[in-house]
Amino acid sequence: MQKYFQKYLTLTAKGFTMGAANVIPGVSGGTIALLTGVFEKLIHSVKSVDHIAITFFLKGKFNSFSSRINLPFLLAIFGGAVLSIFTLARILAWLFHNYPVYIWAYFFGLIIASVYFVGKTVERWSISAYSIFIAGALLAVWISYMSPAPGNENFFYLILNGMVAVCSMILPGLSGSFILILMGNYELVAIEAINELRLDILFPVFIGIVGGLLIFSRFLSWVFKKFRNITLAVLTGFIAGSLAILWPWKVPVYKTDGMEIVTKPDGTPVIQGYDRYIPEALTTEVILAVLLMAAGFLTLWLIEKAAEKKTGMKGAGSQFNSFHGFFKFPCTGKKFINIHFLE
């Protein structure tokens with residue numbers, strides 16, 4: 006019983022970190038899922054919510070329904086994520102307002118390490134893998150320089166917000182929060198609606214999230230089964246390209262309407278983008294930021310070592326290569342390897 010409790014407490018903690026990442030513009034919850042070893046199991050479990058699972062539920066076969074979709078796993082992951090989003094929204098807003106450089110620096114180091122460790126899971130870096138890696142990186146950089154759209158509280162636009170954001174949330178390297186910024190509704194959805202419990206905003210977004218999860222998870226599951234090596238290469242590129250969003254030293258560019266700065270109802274200016282720069286002097290802030298980058302890198306290195314010890318596998322990316330499930334992917338030659346989901 007204690008082992009069972011610890012197992013799902015760990016899963017809830019992983020969901021909590023995913024939820025925290027989804028609140029932060031530029032940080033991908035999918036990246037955290039990949040780093041903590043739950044990505045493929047999450048995609049497969051969500052994909053299992055199909056007509057068979059619904060039939061089990063409607064006929065009252067709740068044990069079959071739970072087993073079909075791996076319900077305890079989903080409840081732990083999404084429960085942790087929801088708890089994180091509702092508890093960290095105010096904290097993260099305060100941290101980013103008071104210590105933006107330090108927070109960005111830590112996540113910058115974390116993502117640098119993830120590029121290396123996720124890249125190590127690519128079994129063979131062929132010309133096509135390098136090409137798709139570069140394409141993924143360039144796409145992520147291009148997205149980071151796009152100008153945000155104006156905000157919109159239309160019911161169907163909010164559904165679209167939820168669908169697009171959740172797709173990028175579960176796709177490593179693309180930030181759901183940053184997509185909301187581009188769509189003009191980050192402050193409305195991720196801060197205002199959550200802090201004020203605005204159900205008129207949260208309900209249509211929730212509809213979009215559920216629909217996006219069910220549709221996009223099937224696509225990702227199919228891609229991983231058919232093109233795992235190429236998929237991991239493009240995800241590595243997405244993660245590498247997201248470093249442009251996370252660069253710590255930047256100043257906000259505020260949206261203007263003619264000669265005046267556009268403000269929100271609470272009086273705060275609307276950020277349109279950022280001008281990035283390289284520090285010219287070795288100040289205390291720069292030194293601390295570099296140390297936090299190193300701390301971010303070290304955090305992921307420790308996660309990797311812990312996963313290596315748990316799975317008994319050596320080499321980077323061990324937590325991504327040990328999943329408990331039914332997928333089989335081709336290795337070199339004619340042999341096949343079983344992919345087991347990490348629990």
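Residue numbering for the sequence shown follows the numbering used here, starting at 6 and increasing by one per position.
Just so you know, even glycine gets a beta-carbon here, dropped at the ideal spot from N, CA and C.
Keep in mind that this is a model prediction, so the values were computed, not measured.
Quiz item: Where do the N-terminal and C-terminal ends of the beta strand (DSSP E) with Val258 fall, by residue?
Solution: Lys255 to Tyr259
Exercise. Answer yes or no: do Ile252 and Phe113 have a C-beta to C-beta separation smaller than 8 Å?
Key: Reading off the sequence, residue 252 comes out as Trp, not Ile. Yes, the Cβ-Cβ distance between Trp252 and Phe113 is below 8 Å.
Self-check item: Inter-residue CB distance, Thr36 and Gly85 (contact presumed, cutoff 8 Å)
Solution: Incorrect: roughly 16 Å between the Cβ atoms, too far for contact.
Exercise. Please classify Ile283: is it buried, with 16 or more other beta-carbons within 10 angstroms of its beta-carbon, or exposed?
Key: exposed
Quiz item: How far does the alpha helix (DSSP H) with Trp227 in it reach, from first residue to last?
Solution: For Trp227, the uninterrupted alpha helix (DSSP H) segment begins and ends at Leu204 to Lys231.
Quiz item: What are the boundary residues of the alpha helix (DSSP H) that Ile283 is part of?
Solution: First-last for Ile283: undefined, no H or E at that position.
Quiz prompt | Inter-residue CB distance, Val106 and Ala294 (contact presumed, cutoff 8 Å) | solution = 5 Å
Self-check item: Cβ pair Leu240, Val123 closer than 8 Å
Solution: yes
Quiz prompt | Arg129: first and last residue of the uninterrupted alpha helix (DSSP H) it sits in | solution = Taken as a continuous stretch (DSSP letters only), Arg129 belongs to no alpha helix (DSSP H), as it is neither H nor E.
Quiz prompt | Best match in Ala26, Gly24, Leu218 and Leu40 for proximity to Lys310 [C-alpha to C-alpha] | solution = Closest by C-alpha distance to Lys310, out of Ala26, Gly24, Leu218 and Leu40, is Leu40.
Quiz prompt | Span separating the alpha-carbon of Ser119 from that of Lys64 | solution = 44 Å
Self-check item: According to DSSP, residues forming a beta bridge with Glu265
Solution: Asp262
Exercise. Assuming Gly141 contacts Phe243 (C-beta within less than 8 Å), just tell me the rounded distance between them.
Key: 5 Å
Exercise. Return the CA-CA distance between Gly320 and Ala25, expressed in angstroms with no decimal places.
Key: Reliability of the predicted coordinates at Gly320 is poor, the pLDDT of 42 falling under 50, and no value is obtained from them.
Quiz item: Can you name the start and end residues of the alpha helix (DSSP H) that Glu45 belongs to?
Solution: Phe44 to Lys52
Quiz prompt | Close-in-space but distant-in-sequence residues of the same chain around Asn75 (CB under 6 Å, 5 per side omitted) | solution = Ser50
Quiz item: Roughly how many whole angstroms lie between the Cα atoms of Tyr279 and Val258?
Solution: 5 Å
Quiz item: Within 10 angstroms of its Cβ, does Ile286 collect 16 or more other Cβ (buried), or is it exposed?
Solution: In the sequence on display, residue 286 carries Ala and not Ile. Exposed: under 16 other Cβ atoms inside 10 Å.
Practice problem: Please confirm whether Leu225 and Ile48 have their CB atoms less than 8 Å apart. | Solution: yes
Exercise. Below 8 Å on the Cβ atoms is my guess for Ser182 versus Val28; work out the distance and round it to an integer in Å.
Key: Going by Cβ atoms, the distance from Ser182 to Val28 rounds to 6 Å, so yes, they are a contact pair.
Quiz prompt | Residue burial classification, Gly34 (beta-carbon count within 10 angstroms, cutoff 16) | solution = buried
Quiz prompt | Helix, strand or coil at Gly278 [DSSP, three-state] | solution = strand
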